[in-house]
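Engineer: Numbering (UniProt numbering), first residue to last: 1 to 239. We put the CB at the ideal spot given by N, CA and C, even for glycine. What follows is a single structure, and I will ask about it in a moment.
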């Protein structure tokens with residue numbers, strides 16, 4: 001089963017008495033796959049239009065369209081005001097807007113470089129107050145839903161912002177901890193390196209001392225050997 005869609009559009013349309021002046025009307029649309037219904041009010045009077053499947057099929061055939069495409073295009077222009085389109089709502093009879101007369105809702109659109117116009121006649125509503133109240137109730141409900149959606153999205157954005165700030169804080173903390181860890185490790189590495197250097201210097205000094213001491217001992221031993229050899233030679237000469 002096709003989903004039923006609802007729209008409500010506020011239009012500023014020229015008046016018949018004063019073309020330069022404009023009056024506001026609200027157009028509520030109920031859209032099915034092959035038909036649609038319109039309710040229109042100027043705040044005081046109301047009109048309705050019931051486009052049956054047969055009427056839509058006939059209109060679509062005249063424009064070489066599928067009925068569903070015809071309804072979709074009508075919904076596009078009566079669901080949201082389209083830039084460049086000229087909207088009108090005038091007496092369908094002699095061009096003078098009066099109460100309890102047929103009115104004609106029209107709008108233009110461009111197709112293949114040509115300006116085209118669609119028109120639908122609207123009957124006076126059987127109950128102006130009821131039709132107007134239904135349109136206003138729909139607008140209020142839509143406004144409430146929109147407000148709730150704005151609140152939900154705002155809350156969602158706030159949650160995302162809080163999560164983002166939390167992640168940023170954690171990232172900064174991890175970064176700081178990493179810097180502290182690397183600094184501490186580097187300091188320990190320098191301490192170990194300096195300690196090893198000091199130890200190596202100590203070993204080098206010890207080795208140097210040992211080498212010096214060994215050289216002195218060898219020199220002393222050599223001197224002692226020479227002295228003993230000299231003494232032996234002296235004793236031999238005496239004999």
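Can you tell me whether residue 70 is buried or exposed? The criterion is at least 16 other CB atoms within 10 Å of its CB, across all chains shown.
Structural biologist: In the chain shown, residue 70 corresponds to position 70, counting from 1. Per the 10 Å Cβ criterion, buried.
Engineer: Is it a yes or a no for the stretch 30-45 touching the stretch 125-139, going by three-plus beta-carbon pairs under 8 angstroms?
Structural biologist: In short, these stretches touch, since the Cβ pair count reaches three.
Engineer: From residue 117 to residue 108, what does the alpha carbon distance come to, in whole angstroms?
Structural biologist: By one-based count along the chain shown, residue 117 stands at place 117. By one-based count along the chain shown, residue 108 stands at place 108. Each residue's alpha carbon lies about 4 angstroms from the other.
Engineer: Quick check: the stretch 52-72 against the stretch 151-158, are at least 3 beta-carbon pairs closer than 8 angstroms?
Structural biologist: Verdict: no, contact absent.
Engineer: So, with DSSP's three-state summary, where would you put residue 79?
Structural biologist: Indexing the chain shown from 1 puts residue 79 at position 79. Looking at residue 79 - three-state DSSP - the assignment turns out to be helix.
Engineer: With DSSP collapsed to three states, give me the class of residue 44.
Structural biologist: As a working mapping, residue 44 is identified with position 44 in the chain shown. Three-state DSSP puts residue 44 in coil, outside helix and strand.
Engineer: If you reduce the DSSP assignment to three classes, tell me which class residue 164 lands in.
Structural biologist: For this step, residue 164 is matched to residue 164 along the chain shown. DSSP places residue 164 in helix when its eight states are reduced to three.
Engineer: Once DSSP output is grouped into helix, strand and coil, what is the label at residue 51?
Structural biologist: One-based indexing of the chain shown puts residue 51 at position 51. Strand, per DSSP.
Engineer: Given 8 angstroms as the limit, is there contact between the stretch 131-149 and the stretch 25-32, that is, 3 or more CB pairs closer than that?
Structural biologist: Touching, yes, given that three or more Cβ pairs across the two stretches are closer than 8 angstroms.
Engineer: Please report how far the alpha carbon of residue 159 lies from the alpha carbon of residue 123, in whole angstroms.
Structural biologist: Residue mapping note: residue 159 aligns to position 159 of the chain shown, counting from 1. Residue mapping note: residue 123 aligns to position 123 of the chain shown, counting from 1. Taking the straight line from one Cα to the other gives about 50 angstroms.
Engineer: Find out if the Cβ-Cβ distance for the pair residue 45, residue 37 is shorter than 7 angstroms.
Structural biologist: Counted from its first residue, the chain shown places residue 45 at position 45. Counted from its first residue, the chain shown places residue 37 at position 37. Going by C-beta atoms, residue 45 is not nearer than 7 angstroms to residue 37.
Engineer: Taking just the CA atoms, how far does residue 73 sit from residue 96?
Structural biologist: Walking along the chain shown from the start, residue 96 turns up at place 96. Walking along the chain shown from the start, residue 73 turns up at place 73. A caution first: residue 96 carries a pLDDT of 49, below 50, which makes its placement in the model too unreliable to give a value.
Engineer: How many whole angstroms separate the CB atoms of residue 9 and residue 81, which I take to be in contact at a CB cut-off of 8 angstroms?
Structural biologist: Translated into the one-based positions of the chain shown, residue 9 becomes position 9. Translated into the one-based positions of the chain shown, residue 81 becomes position 81. Right, their Cβ atoms sit about 6 angstroms apart.
Engineer: Determine the burial state of residue 103: buried for a count of at least 16 other Cβ atoms within 10 Å of its Cβ, exposed for fewer.
Structural biologist: Residue numbering aside, residue 103 sits at position 103 when the chain shown is read from its first letter. Classification for residue 103: buried.
Engineer: To the nearest angstrom, report how far apart residue 112 and residue 84 are at their CA atoms.
Structural biologist: Taking the chain shown and counting its residues from 1, the one referred to as residue 112 is at position 112. Taking the chain shown and counting its residues from 1, the one referred to as residue 84 is at position 84. Residue 112 and residue 84: Cα-Cα distance of roughly 15 angstroms.
Engineer: Based on the DSSP output, what are the partners of residue 90 in its beta bridges?
Structural biologist: Position 90 of the chain shown, counted from the start, is the residue given in the question as residue 90. According to DSSP, residue 90 bridges with 104.
Engineer: Does the distance from the C-beta atom of residue 13 to that of residue 79 stay below 7 angstroms?
Structural biologist: For the purposes of this step, residue 13 is taken as the residue at position 13 of the chain shown. For the purposes of this step, residue 79 is taken as the residue at position 79 of the chain shown. No; because the gap between Cβ atoms is not below 7 angstroms, this pair is not in contact.
Engineer: Quick one: give me the first and last residue of the beta strand (DSSP E) that residue 22 is part of.
Structural biologist: Taking the chain shown and counting its residues from 1, the one referred to as residue 22 is at position 22. Where residue 22 is concerned, the enclosing beta strand (DSSP E) stretches over 22-31.
Engineer: Please state whether DSSP places residue 202 in a helix, a strand or coil.
Structural biologist: The residue labelled residue 202 in the question sits at position 202 within the chain shown. Residue state, collapsed to three classes: helix.
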